[in-house]
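S.K.:
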Amino acid sequence: MNLTELERVAAAIVAQGKGILAADESTGTIKKRFDAIQLESTEEHRRAYREMLFTTPGVGQWIGGVIMYDETIRQKTREGVPFARYLADHGIVPGIKVDKGAKPLALYPGETITEGLDGLRERFTEYAKLGARFAKWRGVIDIDQDIPTRGAIEANAQALARYAALCQEQDIVPIVEPEVLMDGSHTLERCEQVTDTVLEAVFEQLRLARIELTGMILKPNMVISGKKCPVQATPEQVATATIRCLKRQVPAAVPAIAFLSGGQSPAEATLHLSLMNRIKPLPWQLSFSYGRALQEYALAAWGGKSGNVAAGQGEFHKWAHLNGLARTGGFQPGMEQQAA
Ligand code: 13P
Numbered sequence: 002m003n004l005t006e007l008e009r010v011a012a013a014i015v016a017q018g019k020g021i022l023a024a025d026e027s028t029g030t031i032k033k034r035f036d037a038i039q040l041e042s043t044e045e046h047r048r049a050y051r052e053m054l055f056t057t058p059g060v061g062q063w064i065g066g067v068i069m070y071d072e073t074i075r076q077k078t079r080e081g082v083p084f085a086r087y088l089a090d091h092g093i094v095p096g097i098k099v100d101k102g103a104k105p106l107a108l109y110p111g112e113t114i115t116e117g118l119d120g121l122r123e124r125f126t127e128y129a130k131l132g133a134r135f136a137k138w139r140g141v142i143d144i145d146q147d148i149p150t151r152g153a154i155e156a157n158a159q160a161l162a163r164y165a166a167l168c169q170e171q172d173i174v175p176i177v178e179p180e181v182l183m184d185g186s187h188t189l190e191r192c193e194q195v196t197d198t199v200l201e202a203v204f205e206q207l208r209l210a211r212i213e214l215t216g217m218i219l220k221p222n223m224v225i226s227g228k229k230c231p232v233q234a235t236p237e238q239v240a241t242a243t244i245r246c247l248k249r250q251v252p253a254a255v256p257a258i259a260f261l262s263g264g265q266s267p268a269e270a271t272l273h274l275s276l277m278n279r280i281k282p283l284p285w286q287l288s289f290s291y292g293r294a295l296q297e298y299a300l301a302a303w304g305g306k307s308g309n310v311a312a313g314q315g316e317f318h319k320w321a322h323l324n325g326l327a328r329t330g331g332f333q334p335g336m337e338q339q340a341a
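Positions in the sequence shown are counted from 1; adding 1 to them yields our numbering.
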């Protein structure tokens, strides 16, 4: 393991003002996104969409890394430049999602385990050749009356740790993503309690797996009220509870925390990040690794039409920029109406 290299790559991804674009939607998920704009999910449409995002002029000021899907890292720009090389040439670190999705966990009704560990060492060798310098694995924890169970939390934490070890063995920075879902009617307090338990289990397993914490990035959920909870916490409450929870559970050796947006609107996710970055001092870089919150307006503005590429890129650039500002607490509600 070349720890210096892992630390250098992790630092580059979250360098000042920068965060991550999660463009690693699986074929099933991107179909859902395209359905919303009545666009058929063909390989060429998926390629054209990702090309629109990746070639956005100037976006490298705010985007330090892009997470791709297996199909995407094998695709090229219209001019024939592999996406991974195009990104690297523009100062953006190419990354790859390597998990194979959350599947039902046997004997644990309503809970899932993320699959994809078998053969992962060999897959990493190939992805490294294709240009990936970091990777992502997402464990999913759902909240309901009797879940999550200890068994499901431990199973997912252990899978995350085994994945992270295979990453570091091959000098690939692991993004460790334990996502507590915001679906459901639970309160902010319950989300905080579950997130606490999950992070504690994850860091215990990372320690057992001998992970070098200085060479990884954590991608957690924010501590937030369930979507269907009748009492919705204020943005300030979300920021305070999230930082309180992270300070309890995330060692200061971890260089960066890059949040997922998880179904929050772009404005909500950006405001939450901005408010958290105003809390001082923080031992880690606090950044973003958004899928929907960076892409929602870009996808709508593009609409699958080549004539709308500039409009789509304008929206992507705008939300990347606003989140870049949120990295130093500089985003305020309403700024999205003025920004270009
Ligand atoms: P969202 O920001 O849309 O939650 O996606 C981030 C991600 O990579 C989920 O795994």
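Virtual Cβ for every residue (Gly too), placed ideally from N, Cα, C.
Would Ile68 and Asp100 qualify as a contact pair, given that the criterion is a beta-carbon distance under 8 Å?
M.R.: No, they are not a contact pair.
S.K.: Can you name, in chain order, every residue of its own chain whose Cβ lies under 6 Å from the Cβ of Ala153, other than the five neighbours on each side?
M.R.: Leu106, Tyr109, Glu112
S.K.: Do Pro236 and Leu276 have their C-beta atoms within less than 8 Å of each other?
M.R.: Against a cut-off of 8 Å, the Cβ pair of Leu276 and Pro236 comes out as a contact.
S.K.: Measure from the alpha carbon of Lys98 to the alpha carbon of each residue in Thr126, Pro83, Arg208, Ala136, then state which is nearest.
M.R.: Ala136
S.K.: Any contact between the region 262-277 and the region 182-192? By contact I mean 3 or more CB pairs, one from each, below 8 Å.
M.R.: yes
S.K.: Just reading off the beta strand (DSSP E) that Ser288 is part of, what are its end residues?
M.R.: 286-291
S.K.: DSSP state of Arg139, grouped into three classes?
M.R.: strand
S.K.: Any heavy atom of the ligand 13P inside 7 Å of the beta-carbon of Leu261?
M.R.: yes
S.K.: Nearest to Leu22 by alpha carbon, out of Ala166, Lys130, Met217, Phe55?
M.R.: Phe55
S.K.: With 16 as the cutoff for other CB atoms within 10 Å, does Ser307 come out buried or exposed?
M.R.: exposed
S.K.: What are the uninterrupted segments assigned as alpha helix (DSSP H) that are 4 or more residues long and contained completely in the region 53-133, given in chain order?
M.R.: List check, alpha helix (DSSP H) in window: 71-74, 84-90, 121-130.
S.K.: Assuming the contact rule is C-beta atoms closer than 8 Å, Ile218 and Ala257 should be a hit. Round their C-beta distance to whole Å, please.
M.R.: 5 Å
S.K.: In terms of residues, what are the limits of the alpha helix (DSSP H) holding Val239?
M.R.: 236-250
S.K.: Note the first and the last residue of the continuous alpha helix (DSSP H) segment covering Leu209.
M.R.: 189-209
S.K.: Taking the beta carbon of Arg9 as the centre, do at least 16 other beta carbons fall within 10 Å, making it buried, or is it exposed?
M.R.: exposed
S.K.: Would you tell me roughly how many angstroms separate the C-alpha atoms of Gly311 and Val251, rounded to the nearest one?
M.R.: The question names Gly, but residue 311 is Ala in the sequence shown. Answer to the nearest angstrom: the Cα atoms are 40 Å apart.
S.K.: Looking at Ile114 and the ligand 13P, is the gap between the Cβ and the nearest heavy atom below 7 Å?
M.R.: no
S.K.: For a test of the three-state rule: what should DSSP assign to Ala23, helix, strand or coil?
M.R.: strand
S.K.: Just the C-alpha distance for Thr115 and Thr150, rounded to the nearest angstrom, thanks.
M.R.: Going by the C-alpha atoms only, they are around 15 Å apart.
S.K.: For the ligand 13P, is there any heavy atom lying closer than 7 Å to the beta carbon of Ala160?
M.R.: no
S.K.: From the DSSP output, read off the bridge partner residues of Ile218.
M.R.: Ile176, Ala257
S.K.: Looking at the ligand 13P, does it come within less than 7 Å of Arg51, judged from the CB to the closest heavy atom?
M.R.: Judged by the Cβ position, Arg51 fails to qualify as a neighbour of the ligand 13P at the 7 Å threshold, every heavy atom of the ligand being at least this far.
S.K.: Would you call the CB atoms of Thr215 and Leu40 closer than 8 Å?
M.R.: no
S.K.: Does chain C have any CB closer than 8 Å to the CB of Ser290?
M.R.: Looking at the structure shown, chain C is missing, and only one protein chain is on hand.
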